[in-house]
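**Q** Quick one: the structure is below, and I'll ask about it shortly.
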């Protein structure tokens, strides 16, 4: 990803109101982000419970979305993140929804998916977990590419119909 400023991050949010753009809190370690090694940037808002953000490049242009996490308690069973395809304890996967951009969002349309509760998918696919007997692990590069594609697809579904994509 390209190096970003706070202003660029705010301007890239296609499903945010001006008030939401103003309230955005960048990650605590924003000044330390290694942009060259990011496929996308995702984080939970440290000031607003239940809010998160995802930024990625779509067709060479920065596009971001605001997410809302459900408040429901996690299940005791393991759950699969739909972005990084990592199996997690049930309380570490949450349903995130995003109001669609443009007129669809004004009408209340939204898109949702189950994601790692801390939005750490970018790191999770890079971890080498021990294999279970007879388990075949996809290469790390394939997992990274798949995660990036799924994030881009999710952001595209939210951004469809946006009148502005920075």
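Residue numbers (the working numbering): 61 to 226. For every residue, glycine included, the Cβ atom is placed at its ideal position computed from N, Cα and C.
#1: Using 8 angstroms as the threshold, is the C-beta distance between residue 66 and residue 88 below it?
#2: With 16 as the cutoff for other CB atoms within 10 Å, does residue 175 come out buried or exposed?
#3: In or out: residue 97 buried (at least 16 other Cβ within 10 Å) or exposed?
#4: Can you check whether the C-beta of residue 146 is within less than 8 angstroms of a C-beta belonging to chain E?
#5: Can you tell me whether residue 181 is helix, strand or coil according to DSSP?
#6: Near residue 63, what residues of its chain come up, given a Cβ to Cβ distance below 6 angstroms and the 5 sequence neighbours on each side ignored?
#7: For residue 85, report the span of its alpha helix (DSSP H) as first-last.
#8: Kindly indicate which residue of 123, 84, 199, 93 has the alpha-carbon position closest to the one of residue 112.
#9: Threshold first: 4 residues or longer. Then list the alpha helix (DSSP H) segments lying entirely within the region 80 to 158, N to C.
#10: On a CA-only basis, which of 147, 99, 137, 170 is nearest residue 74? Give me that one, please.
#11: Here's a check: name, in chain order, each residue in its chain whose Cβ is nearer than 7 angstroms to the Cβ of residue 141, leaving out the five neighbours to either side.
#12: Could you please give me the residues that DSSP links to residue 73 through a beta bridge?
#13: Per DSSP, which residues does residue 199 bridge with? Please list them.
#14: I need the DSSP call for residue 162, collapsed to helix, strand or coil.
#15: Rounded to a whole number of angstroms, what is the C-alpha to C-alpha distance between residue 187 and residue 157?
**A** Let's see:
#1: Position 6 of the chain shown, counted from the first residue, corresponds to residue 66. Position 28 of the chain shown, counted from the first residue, corresponds to residue 88. No; because the gap between Cβ atoms is not below 8 angstroms, this pair is not in contact.
#2: Within the chain shown, residue 175 is the residue found at index 115, counting from 1. Flag for residue 175 reads buried.
#3: The sequence position of residue 97 within the chain shown is 37, counting from 1. When all chains shown are included, residue 97 counts as exposed.
#4: Reference to chain E is not applicable here, since this structure consists of a single protein chain.
#5: In the chain shown, the residue the question calls residue 181 occupies position 121. Three-state DSSP puts residue 181 in a helix.
#6: On the chain shown, position 3 is the one that residue 63 refers to. If we look at residue 63 and ignore the five residues flanking it on each side, its Cβ neighbours are 95.
#7: Position 25 of the chain shown, counted from the start, is the residue given in the question as residue 85. Where residue 85 is concerned, there is no enclosing alpha helix (DSSP H), given that its DSSP letter is neither H nor E.
#8: Taking the first residue of the chain shown as position 1, residue 112 is located at position 52. Checked all of 123, 84, 199, 93; the closest Cα to residue 112 is 84.
#9: For the region 80 to 158, not a single whole alpha helix (DSSP H) run of length 4 or above is found.
#10: As a first step, residue 74 is located in the chain shown; it is residue number 14 there, counting from the start. Among 147, 99, 137, 170, the Cα nearest to that of residue 74 is on 170.
#11: For the purposes of this step, residue 141 is taken as the residue at position 81 of the chain shown. These residues qualify, in order along the chain: 148, 153, 174, 175, 176, 181.
#12: Residue mapping note: residue 73 aligns to position 13 of the chain shown, counting from 1. DSSP lists 124 as partners of residue 73.
#13: For the purposes of this step, residue 199 is taken as residue 139 along the chain shown, with counting starting at 1. Per DSSP, none; premise fails for residue 199.
#14: Counting from 1 along the chain shown, the entry for residue 162 is found at position 102. Helix.
#15: As a position in the chain shown, residue 187 is number 127, starting the count at 1. As a position in the chain shown, residue 157 is number 97, starting the count at 1. Their backbone Cα atoms lie some 26 angstroms apart in a straight line.
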